[in-house]
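Chemist:
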Amino acid sequence: MPRLSAWFVRAALSYLTLGFTFGALMLANKGIPLHPLLWRLLPAHIEFLLFGWTVQLAFGVAFWILPRWQTQRGDLRPAWAAFILLNGGIWLVVLGGWSNGPAWWLAAGRLLEVAAMAAFAVHAWPRVKPWVEETK
Ligand code: HEM
254 MPRLSAWFVR
264 AALSYLTLGF
274 TFGALMLANK
284 GIPLHPLLWR
294 LLPAHIEFLL
304 FGWTVQLAFG
314 VAFWILPRWQ
324 TQRGDLRPAW
334 AAFILLNGGI
344 WLVVLGGWSN
354 GPAWWLAAGR
364 LLEVAAMAAF
374 AVHAWPRVKP
384 WVEETK
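Right, here's the structure in full:
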């Protein structure tokens, strides 16, 4: 597995653990009220599982498995940028919500997430191609 895929997949698994833990705490809190503040985990639960886990795992596996040129995966910079932008965006959204930070934190976080998608697409687009014999 390439180094960047290992980063993506390890980060994704960490978000899965956090996201499921937060979900379990909120679920338990429904049956046995533990603490009203536990409901504030909901935005992080959603963010960690939708972007941190699902999107990040897809990026990690796609980076690993998409067709290569011999051994080369093309321009790696946008793929690394996607990793940094995605995780920066996730934490900006989550910490902005938890700390009641300024509204622009949420907007900036979402913007980073969109930029991550674009950066990954820039990297992956040339690698999405059929087998040579099927192009005839
Ligand atoms: C990939 C897996 C998951 C994803 C993408 C996900 C996503 C979501 C989303 C989008 C919501 C908001 C729903 C709404 O507001 O209508 C939500 C709520 C919730 N999730 Fe998850 N979830 C996942 C797994 C889990 C797991 C494993 C648990 C529990 C162990 C859990 C517990 C909860 C609870 C308690 C709520 C609040 C429900 C309520 O509003 O009453 N989730 N989740």
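For the sequence shown, the working numbering gives the first residue as 254, with consecutive numbering after it.
For every residue, glycine included, the Cβ atom is placed at its ideal position computed from N, Cα and C.
Model, not experiment: these values are computed from the prediction.
Is the beta carbon of A277 within less than 6 Å of some heavy atom of the ligand HEM?
Modeler: Yes, Cβ of A277 sits closer than 6 Å to a heavy atom of the ligand HEM.
Chemist: Only counting runs of 4 or more residues, tell me where the alpha helix (DSSP H) segments fall wholly within the region 282-339, in order along the chain.
Modeler: For the region 282-339, whole alpha helix (DSSP H) runs of length 4 or above, ordered along the chain, are 295-300, 309-318.
Chemist: Could you tell me the alpha carbon to alpha carbon distance between S352 and L329, rounded to whole angstroms?
Modeler: So the alpha carbons of these two residues sit roughly 34 Å apart.
Chemist: Report yes if the C-beta of L294 is less than 6 Å from at least one heavy atom of the ligand HEM; otherwise report no.
Modeler: Outside the cutoff, so no.
Chemist: Report buried or exposed for G313, applying the criterion of at least 16 other Cβ atoms within 10 angstroms of its Cβ.
Modeler: Counting Cβ neighbours within 10 Å, G313 comes out buried, since at least 16 surround it.
Chemist: Do you know offhand how far A371's Cα is from A335's?
Modeler: One C-alpha to the other measures close to 8 Å.
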